[in-house]
Amino acid sequence: MIETGVKAPDFAAPTVADGRGTEIALYRLVESHRAVVLAFAPATFVPTSTAAFAAVRDAGWHDREDLAVVALTGDSLYAGFAYVDRFDLPFPVVSDFHGGIADSYDLLADSWEGHADIPRRATVVIDGDWRVRFAEATTDALDRPAPAPVENATATLRDLGVDVDRPRVNYDGPW
52 MIETGVKAPD FAAPTVADGR GTEIALYRLV ESHRAVVLAF APATFVPTST
102 AAFAAVRDAG WHDREDLAVV ALTGDSLYAG FAYVDRFDLP FPVVSDFHGG
152 IADSYDLLAD SWEGHADIPR RATVVIDGDW RVRFAEATTD ALDRPAPAPV
202 ENATATLRDL GVDVDRPRVN YDGPW
């Protein structure tokens with residue numbers, strides 16, 4: 052897994068944002084926000100990842116000018132459309148279909164549920180100077196750690212001057 056203090060790798064990738072398919076570039080987010088949260092998941096519709104994404108949505112992290120939130124999954128853009136629609140996710144959902152972004156963050160799963168080249172479940176916080184300030188992953192995508200990585204990222208965001216509510220991950224739904 053990528054270490055804190057290192058420069059975050061840039062990427063551009065297909066994403067579902069604002070109800071349409073587009074491309075997202077990390078450099079644009081880093082340049083225009085105090086912090087960027089990257090929330091990785093192996094696939095859409097994974098209950099534990101969905102619970103974390105829903106908690107971030109409900110905490111209002113997406114609705115801030117100083118913070119950008121991006122979800123990255125190993126699924127296709129088409130799965131991303133269904134996922135965003137089903138769970139009313141108000142932040143971009145990136146298709147890291149072949150795991151290139153996850154690999155650059157050293158978050159590529161060896162295998163999961165018979166799939167290869169997909170992201171591990173993780174949360175990464177990047178500051179405005181491109182430094183990784185927080186990185187935490189679960190051992191397995193279905194693990195239910197308490198607190199979840201996205202909850203643990205809250206302290207780092209506050210240290211960066213982003214005053215956010217701590218998301219409360221409810222693994223039992225409903226989302």
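Remember, the numbering used here sits 51 above the position in the sequence shown when you count from 1. Glycine included, C-beta positions come from ideal geometry on N, C-alpha and C. Computed from a predicted structure; not experimentally measured.
Selection from Pro225, Ala133, Arg182 that minimises the alpha carbon distance to aspartate 69: If you number the sequence shown from 1, residue 69 lands on position 18. When only C-alpha atoms are compared, the closest one is Ala133.
Straight-line Cα distance separating isoleucine 75 from leucine 123: Within the sequence shown, the letter at position 72 stands for residue 123. Within the sequence shown, the letter at position 24 stands for residue 75. Roughly 11 Å between the two C-alpha positions.
Per-residue burial, aspartate 223 [other beta carbons within 10 Å of its own, 16 or more giving buried]: Working through the sequence shown from its first residue, we reach residue 223 at position 172. When all chains shown are included, aspartate 223 counts as exposed.
Aspartate 168 to valine 175 span [Cα, whole Å]: By one-based count along the sequence shown, residue 168 stands at place 117. By one-based count along the sequence shown, residue 175 stands at place 124. Spanning the two alpha carbons is a distance of roughly 19 Å.
Own chain, CB closer than 6 Å to aspartate 157, minus 5 neighbours either side, in chain order: To locate residue 157, count along the sequence shown from 1; it is residue 106. Once the five neighbours on either side are set aside, the close Cβ partners of aspartate 157 are Met52, Ile53.
Reduced DSSP category for phenylalanine 148 - H, G, I as helix; E, B as strand; rest coil: On the sequence shown, position 97 is the one that residue 148 refers to. In this structure, phenylalanine 148 counts as coil in the three-state DSSP scheme.
For aspartate 117 and histidine 237, believed in contact at Cβ under 8 Å, the rounded distance: Because the chain spans 52 through 226 in this model, residue 237 falls outside it and cannot be assessed.
Span of the alpha helix (DSSP H) around arginine 71: Reading the sequence shown from its first residue, position 20 is the one you call residue 71. First-last for arginine 71: 71-76, but that is the beta strand (DSSP E), not the alpha helix (DSSP H).
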